[in-house]
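Asks: Once you've had a glance at the structure underneath, I'll fire off some questions.
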Amino acid sequence: MPMPKWWGHVNKRVFNPRAIAGGKWPVLIHVGRISGATYRTPLDAHPVDGGYLFVLVYGSRSDWVQNVLAAEGARLWVDEREVELASPRLVGEDEAFQALPDEVARPPKLLRITEFLRMDLVTG
1 MPMPKWWGHV
11 NKRVFNPRAI
21 AGGKWPVLIH
31 VGRISGATYR
41 TPLDAHPVDG
51 GYLFVLVYGS
61 RSDWVQNVLA
71 AEGARLWVDE
81 REVELASPRL
91 VGEDEAFQAL
101 PDEVARPPKL
111 LRITEFLRMD
121 LVTG
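Quick note: the sequence shown uses UniProt numbering, first residue 1, plus one each step.
Listed below in structure tokens is the structure:
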């Protein structure tokens, strides 16, 4: 796991509510795989051809990632609209970096992030 798990707990309880309230971050809306509750998680969501790419700062075992994989999709509040996302899949850094536009900064090597989540836009 690139970032310590305890920092994720701090983020979830302190920074995430502020980020959601501020309205400047894309917010992933997903359903808990065990609880069935709806969760909102502010994330860096990078538009790529046909969908979005998410940097897995806490790794693929994060609750939100496991929820999205189990549900086979989620919704994303971005640019003052909600979009439906499907076909979530983990991708490596080669595929992720190839999909990201050049102007998007890559995660620092120090963080050792090697997994990313990609989802497709549902159209129609």
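Glycine is no exception: its CB is placed at the ideal position from the N, C-alpha and C atoms.
State the Cα-Cα distance for the pair Val-91 and Gln-66, rounded to the nearest angstrom.
Replies: Cα-Cα distance, rounded: 14 angstroms.
Asks: Among the candidates Trp-25, Val-31, Val-55, whose CA atom is the shortest distance from the CA of residue 125?
Replies: In the structure as shown, the chain begins at 1 and stops at 124. Residue 125 is therefore absent and cannot be evaluated.
Asks: Check the DSSP bridge columns for Phe-116 and list the partner residues they point to.
Replies: DSSP output for Phe-116 lists Val-55, Val-91 as bridge partner(s).
Asks: Check for me: the alpha helix (DSSP H) holding Trp-25 runs from which residue to which?
Replies: Premise fails: Trp-25 is in no alpha helix (DSSP H) and is neither H nor E.
Asks: Would you report the Cα separation of Leu-76 and Glu-84, rounded to the nearest angstrom?
Replies: Cα-Cα distance, rounded: 6 angstroms.
Asks: Distance, Cα to Cα, Arg-81 vs Leu-110?
Replies: Each residue's Cα considered, the two are about 34 angstroms apart.
Asks: Excluding the five sequence neighbours on either side, which residues of its own chain have a C-beta within less than 7 angstroms of the C-beta of Thr-38, listed in chain order?
Replies: If we look at Thr-38 and ignore the five residues flanking it on each side, its Cβ neighbours are Ile-29, Val-31.
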